[in-house]
Amino acid sequence: MKQWYGSTASRETKGKIRKVFSSCVLALALLFFIPNTGLAVGKGAQGPDVYVIQGMLKSLGSYSGQINGYYDDVTVSGVKHFQKKHGLPATGSVDKRTMQRMVYAYDRVVSNPHRGSGGKGYGGGAGQG
């Protein structure tokens, strides 16, 4: 009997597990580190709170840099992009209001990963009408 190691189904399952694990790690980091930050996090900051911010921005499509925990120019650009996209003042710093919007947007993406798929669906049917 032949066994299919590395099949597409097992790779998809591993990918889903990896996404859930990553989401849990970010959620735990949010739970433990973000409440300890000051009123705003901006350029020059470093640490686990910046790492979480970068991770959320990357998941939301607003950050293309490395997730390294350093609030550099690329992070400032990512935050400004997110702020503009969500109708916030584009300061490049993460204040309380920006953080609330980021957490809300991130939660929506994590809880419904198919959101924003353009309504194409994943079924094989042609639809009605």
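Start counting the sequence shown at 1; every next residue gets the next number (this note's numbering).
All C-beta atoms in this analysis are idealised placements derived from N, C-alpha and C, irrespective of residue type, glycine included.
Nothing here was measured: the structure is a model prediction, and the numbers come from that model.
First and last residue of the uninterrupted alpha helix (DSSP H) at T91: As a working note, residue 91 is residue 91 in the sequence shown. Element bounds for T91: n/a, residue is neither H nor E.
Enumerate in chain order the residues of its own chain whose CB-to-CB distance from R97 is below 8 Å, with the five nearest sequence positions on each side excluded. For this step, residue 97 is matched to residue 97 along the sequence shown. Cβ within range, chain order: L88.
Contacts around Y106, its chain only, beta-carbon distance under 8 Å, and the 5 residues preceding and following it disregarded: In the sequence shown, counting from the first residue as 1, residue 106 sits at position 106. Result list for Y106: L26, M56, S59 and L60, in chain order.
Below 9 Å between beta carbons: does that hold for G42 and Q54? Counting from 1 along the sequence shown, the entry for residue 42 is found at position 42. Counting from 1 along the sequence shown, the entry for residue 54 is found at position 54. No, these two residues do not count as a Cβ contact at 9 Å.
Taking C-alpha atoms, which residue in G15, R108 and S22 lies nearest to V52? Locating residue 52 in the sequence shown gives position 52, where the first residue counts as 1. Of the listed residues, the one whose Cα sits closest to V52 is S22.
Here's the rule I'm using: 16 or more other beta-carbon atoms within 10 Å means buried, otherwise exposed. How should Y71 be labelled? Your numbering for residue 71 matches position 71 in the sequence shown. Classification of Y71: buried, given that the 10 Å Cβ count is 16 or more.
Tell me which residue opens and which closes the alpha helix (DSSP H) that I53 is part of. Position 53 of the sequence shown, counted from the first residue, corresponds to residue 53. Where I53 is concerned, the enclosing alpha helix (DSSP H) stretches over P48 to S59.
Whose C-beta lies closer than 8 Å to the C-beta of V50 among residues of the same chain, with five residues either side of it excluded? Residue 50 sits at position 50 when you count from the first residue of the sequence shown. Contacts found: V41, G69, Y70, Y71 and T75.
Measuring CB to CB, does V79 end up less than 9 Å from V94? Taking the first residue of the sequence shown as 1, we reach residue 79 at position 79. Taking the first residue of the sequence shown as 1, we reach residue 94 at position 94. V94 is positioned such that its CB atom lies closer than 9 Å to that of V79.
Starting from Y70, follow its DSSP beta bridges and name the residues at the other end. Stepping through the sequence shown from its first residue, residue 70 is reached at position 70. BP columns for Y70 point to Q46.
Taking the beta carbon of R18 as the centre, do at least 16 other beta carbons fall within 10 Å, making it buried, or is it exposed? Residue 18 sits at position 18 when you count from the first residue of the sequence shown. Label assigned to R18: exposed.
What residues in its chain sit with their C-beta under 7 Å from that of A90, if we drop five residues either side in the sequence? As a position in the sequence shown, residue 90 is number 90, starting the count at 1. Contacts found: K80, Q83 and K84.
Given that a residue counts as buried once 16 or more other Cβ atoms are within 10 Å of its Cβ, and exposed if not, what is S111? Counting from one through the sequence shown, the residue named residue 111 turns up at place 111. It is exposed - the Cβ of S111 has fewer than 16 other Cβ atoms within 10 Å.
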